[in-house]
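Residue numbers (my numbering), protein chains in the order written: chain S, 137 to 565; chain W, 137 to 565. From the three backbone atoms N, C-alpha and C, an ideal C-beta is built for every residue, glycine too. Every value quoted in this text rests on a predicted model; they were computed, and no experiment measured them. Notes to accompany the following structure.
2 protein chains.
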Amino acid sequence: MAIRLDITDPDFEARFAAFLATKREVSEEVDDAVRAILADVRQRGDAALVDLSRRFDRVELEGRLRITAEEVDRAIAAVDSATLDALTFARDRIRAHHERQKPADDRYTDALGVELGARWTAVEAVGLYVPGGTASYPSSVLMNAVPAAVAGVPRIVMVVPTPDDRLNPLVLAAARLGGVQEIYRVGGAQAVAALAYGTQTIRPVAKIVGPGNAFVAAAKRRVFGTVGIDMIAGPSEVLVIADAGNDPDWLAADLLAQAEHDTAAQAILITDASDLADAVEAAVTRQLARLPRGETAGASWRDFGAVIVVRSLDETVALADRIAAEHLELAVADPEALALRIRNAGAVFLGRHTPEVIGDYVGGSNHVLPTARSARFSSGLGVLDFMKRTSILKVGPEALRALGPAAIALARAEGLDAHARSVAIRLNL
Amino acid sequence: MAIRLDITDPDFEARFAAFLATKREVSEEVDDAVRAILADVRQRGDAALVDLSRRFDRVELEGRLRITAEEVDRAIAAVDSATLDALTFARDRIRAHHERQKPADDRYTDALGVELGARWTAVEAVGLYVPGGTASYPSSVLMNAVPAAVAGVPRIVMVVPTPDDRLNPLVLAAARLGGVQEIYRVGGAQAVAALAYGTQTIRPVAKIVGPGNAFVAAAKRRVFGTVGIDMIAGPSEVLVIADAGNDPDWLAADLLAQAEHDTAAQAILITDASDLADAVEAAVTRQLARLPRGETAGASWRDFGAVIVVRSLDETVALADRIAAEHLELAVADPEALALRIRNAGAVFLGRHTPEVIGDYVGGSNHVLPTARSARFSSGLGVLDFMKRTSILKVGPEALRALGPAAIALARAEGLDAHARSVAIRLNL
Chain S
137 MAIRLDITDP
147 DFEARFAAFL
157 ATKREVSEEV
167 DDAVRAILAD
177 VRQRGDAALV
187 DLSRRFDRVE
197 LEGRLRITAE
207 EVDRAIAAVD
217 SATLDALTFA
227 RDRIRAHHER
237 QKPADDRYTD
247 ALGVELGARW
257 TAVEAVGLYV
267 PGGTASYPSS
277 VLMNAVPAAV
287 AGVPRIVMVV
297 PTPDDRLNPL
307 VLAAARLGGV
317 QEIYRVGGAQ
327 AVAALAYGTQ
337 TIRPVAKIVG
347 PGNAFVAAAK
357 RRVFGTVGID
367 MIAGPSEVLV
377 IADAGNDPDW
387 LAADLLAQAE
397 HDTAAQAILI
407 TDASDLADAV
417 EAAVTRQLAR
427 LPRGETAGAS
437 WRDFGAVIVV
447 RSLDETVALA
457 DRIAAEHLEL
467 AVADPEALAL
477 RIRNAGAVFL
487 GRHTPEVIGD
497 YVGGSNHVLP
507 TARSARFSSG
517 LGVLDFMKRT
527 SILKVGPEAL
537 RALGPAAIAL
547 ARAEGLDAHA
557 RSVAIRLNL
Chain W
137 MAIRLDITDP
147 DFEARFAAFL
157 ATKREVSEEV
167 DDAVRAILAD
177 VRQRGDAALV
187 DLSRRFDRVE
197 LEGRLRITAE
207 EVDRAIAAVD
217 SATLDALTFA
227 RDRIRAHHER
237 QKPADDRYTD
247 ALGVELGARW
257 TAVEAVGLYV
267 PGGTASYPSS
277 VLMNAVPAAV
287 AGVPRIVMVV
297 PTPDDRLNPL
307 VLAAARLGGV
317 QEIYRVGGAQ
327 AVAALAYGTQ
337 TIRPVAKIVG
347 PGNAFVAAAK
357 RRVFGTVGID
367 MIAGPSEVLV
377 IADAGNDPDW
387 LAADLLAQAE
397 HDTAAQAILI
407 TDASDLADAV
417 EAAVTRQLAR
427 LPRGETAGAS
437 WRDFGAVIVV
447 RSLDETVALA
457 DRIAAEHLEL
467 AVADPEALAL
477 RIRNAGAVFL
487 GRHTPEVIGD
497 YVGGSNHVLP
507 TARSARFSSG
517 LGVLDFMKRT
527 SILKVGPEAL
537 RALGPAAIAL
547 ARAEGLDAHA
557 RSVAIRLNL
């Protein structure tokens, strides 16, 4: 059973703080292994990829690292048309939403005649890591590939392990729909190394995104600097804030949708109605019994779930900001007003008819969102993650006379005489 | 002497690739020491800060960790008015430019009646690390603090070590001008730990920015996740692309302004005029002789400088994209046309009268820029680094009927039945 807290408990603050500090992930010590793998791929290239895939994925990749367009065609042909339609529907909605995120360049001349500006350009090549096995989600392929395509990335590469030579055809369909142009059947730290350093077959990229296991996460941390990386995603979480006017079964279903992801996932309910809290707890227990992934969801709810009862919805604001949830559902009568008062959340789902699951698939917004309280300082994945801004400065002789003396004064105050000279020489000072 | 390459050399590609791969930093092995310092501060708080500052900075901080407003007042009174005016001028220009970076929220209803949007909010608290000693630059204080203030960060904290109890008064003046509200006289990994975990005196922040030595960089890497961090800055670099119509002395001054920063700094000239290349090399040698920081600049130019001669300016585009310079000066007749063709640069300085130094101080754009080829995938510091985006989704009963079936189909295809159920239960499916 999830923990139950009441804000009127004398030890509430201590228990809430302890709850916030709970670590949900056991950090595996894989760094030494990863270092060796990166060095091996860097030195031996394709040969290392083939050897490592034989060892870790029990698959022979000699001469077939790349997944051909014909293989993708065949995979798509094998997908039933209803699912393909749903995937296409999702792709179109994600694309339409992300088109709005494209940043505008800026250019202007200020009162002193100085021209300033900013120019956004797409990253030249991006690598998308896709996990194999059960965590191989076609929806995540879309969520990573579509923003890159919208950003205008000219080369989008995907890597995906094929343990025992098996691969979910939906993942290949999503790659095609998402605009991926090259796909390689390699995973783990070795795939990250190939994307960062390049091999005979795989040209290097400038940025690597996408979720992965502890090996992949450690490899991404290690190659950061050589290439850019996205955030390191932790287990998923939802915070549901609900008033008395909710169907407990709906809320229980939402909490369990989060909990079924992973035993380390987290589902939290905060409500000002303690009767509702009781009813949701009972509904969770009922629904768990008939859930195919009930064992996973049950462990998540037992170990990391929480039900918090407050006196008024006002009190939820500070708690929500401290939790800084990846997903925040506001199942209350006036969700807009509450949303405006909360600073920290990856995504907010407004009202009783907006289950978080809609955002996972077809809402159009991105489902790659900051976990583990990182919504305090970071955002979900978007078009900006695949672009970068170059600042522009243009000064003519006149404007340089206006700016120069202050630049020279500051350079001298910082003891940087060559800096001062670079300006002074142009002004005959 | 800097290396000299000519694009017509038969071994040009190999030599250019080797030049690009040159490491300019010796990575110090400080990680074990940093881990111990972080643990000590986390456990003992202020007492650890006092002990560590006594040991590393030879300063007694018991009861005086915080720098008071009166101390800042006194420091500002001690700064000469011309320098203070220059600093204020710089602050105003940086603020005006960064105001333009503030992102707009978005909210719209699509054809299916789904409401989507994005809301930008400031990070709740930011810590700014400022190095002590000779690398303690007031201009950098402004470049970090002003974008945070423009973003609307409600709490901006600065930490700065005061070795032997000495502190540059200009740094305190810049902090006041930049909108910093709390200042603590502590540095090193211990200051990063205090900002990330909090102590009795220093409340934790959500994001840490600013340059520092190897200890600070290692500490920032380690606390990443608990808090956000900015990029890890490497040694500075400039690429000057110049045609024949330049004064070699101006270009030499620009190259040396970069080189004087640090023996690991890098200055590169690419030109289509080999006579100019010769003349610039001679001018660098001449100017070096009378430069106060000539020893530093000379070592940088000797070890990491480069002069590359090409046949035409067209050939500079691909080379510039591979170098992906932090600073790119285009001292050519038509800098606008060339700038549009180059994808990778942190900042571009257009024309013969825009020395990079203007951008260091008073241009208005930010001087915290991606180094070590990371302009391929990242941008200079700006207002967005102090904000985060929450995505918004709002679906009514009608729109849910339109979206629901596709979400259910995808959830089932991914084997996530509780996901499917969370939508289906609202549609009586």
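Inter-residue spacing [alpha-carbon to alpha-carbon] between residue i and residue j
| i | j | result |
| --- | --- | --- |
| I203/W | D187/W | 18 Å |
| E198/S | L331/S | 18 Å |
| I139/S | G441/S | 6 Å |
| D411/S | P290/W | 38 Å |
| I368/W | P274/S | 33 Å |
| A355/S | A184/S | 15 Å |
| V170/S | A353/S | 10 Å |
| A454/S | I478/S | 8 Å |
| I292/S | P541/S | 47 Å |
| A226/S | I344/W | 37 Å |
| L278/S | N502/W | 34 Å |
Own chain residues within Cβ distance below 7 Å of residue i, not counting five before or after
| i | result |
| --- | --- |
| G268/W | V296, P297, T298, P299 and G323 |
| D457/W | I478, R479 and N480 |
| R512/S | A460 and N480 |
Reduced DSSP category for residue i - H, G, I as helix; E, B as strand; rest coil
| i | result |
| --- | --- |
| S276/S | helix |
| S410/W | helix |
| E161/W | coil |
| A442/W | strand |
| V519/W | helix |
| E198/W | coil |
| V570/W | Past the boundaries of the shown model lies residue 570/W; chain W is included only from 137 to 565, so the question cannot be answered. |
| R312/S | helix |
| G364/W | strand |
| G500/S | coil |
| T337/S | coil |
| R231/W | helix |
| K238/W | coil |
Contacts of residue i in chain W (Cβ-Cβ under 9 Å)
| i | result |
| --- | --- |
| S501/S | L252, G253, A254, S527, I528 and L529 |
| F485/S | I528, L529, K530 and V531 |
Same chain, Cβ closer than 6 Å to residue i, neighbours up to 5 away in sequence not counted
| i | result |
| --- | --- |
| A393/W | V493 |
| D182/S | T335, Q336 and T337 |
| V519/S | H234, Q237, K238, P283, V286 and A287 |
| L201/W | Y320 and T337 |
| T245/W | E251 |
| A395/S | A401, A403, A433, S436 and W437 |
| G253/S | D242, R243 and I528 |
| A327/S | V295 |
Spatial neighbours of residue i in its chain, beta-carbon cut-off 8 Å, leaving aside the 5 residues before and after
| i | result |
| --- | --- |
| I212/W | L220, P305, L308, A309 and R312 |
| S163/S | A350 |
| A424/W | The sequence as given places Leu at residue 424/W; Ala does not occur at that position. Here the set comprises L392, G430, A433, G434 and W437. |
Interface residues of chain W facing residue i [CB-CB closer than 7 Å]
| i | result |
| --- | --- |
| K343/S | F513 |
| P428/S | D553 |
| R178/S | Ordered by position in chain W, no residue passes the 7 Å Cβ test against R178/S, which lies about 12 Å from the chain. |
Contact set between residue i and chain S, taken where Cβ atoms lie within less than 7 Å
| i | result |
| --- | --- |
| L306/W | A549 |
| S275/W | L546 and E550 |
| T257/W | R479 |
| I561/W | D385, W386 and A389 |
Contacts of residue i in chain W (Cβ-Cβ under 8 Å)
| i | result |
| --- | --- |
| E260/S | D457, R479, N480 and R512 |
| V498/S | L539, A542, A543 and L546 |
| S163/S | Going along chain W, no residue has its Cβ under 8 Å from S163/S, so there is no contact; the nearest lies around 10 Å. |
Chain S contact residues for residue i, given Cβ-Cβ distances below 9 Å
| i | result |
| --- | --- |
| L536/W | H489, T490, P491 and I494 |
At a Cβ cut of 9 Å, what residues of the stretch 468-483 of chain S count as close to chain W, listed as they run along the chain? P471, E472, A475, L476, I478, R479, N480, A481, G482 and A483
Just by C-beta distance, which residues in the stretch 385-396 of chain W are closer than 7 Å to chain S? D385, W386, A389, D390, L392, A393 and E396
With 8 Å as the limit, tell me which residues of the stretch 200-228 of chain S have their beta carbon closer than that to any beta carbon of chain W; keep them in chain order. A218, T219, D221, A222, L223, F225 and A226
Report the residues of the stretch 305-334 of chain W with a CB closer than 7 Å to any CB of chain S, ordered along the chain. L306
Taking beta-carbon pairs under 8 Å, can you tell me which members of the stretch 430-441 of chain S lie near chain W? A433
Can you give me, in chain order, the residues of the stretch 230-250 of chain S that have a beta carbon less than 8 Å from any beta carbon in chain W? A232, H233, R236, Q237, D242, Y244, D246 and V250
Which residues of the stretch 359-372 of chain W have a Cβ closer than 8 Å to any Cβ of chain S? Give them in chain order. G361, V363, G364 and I368
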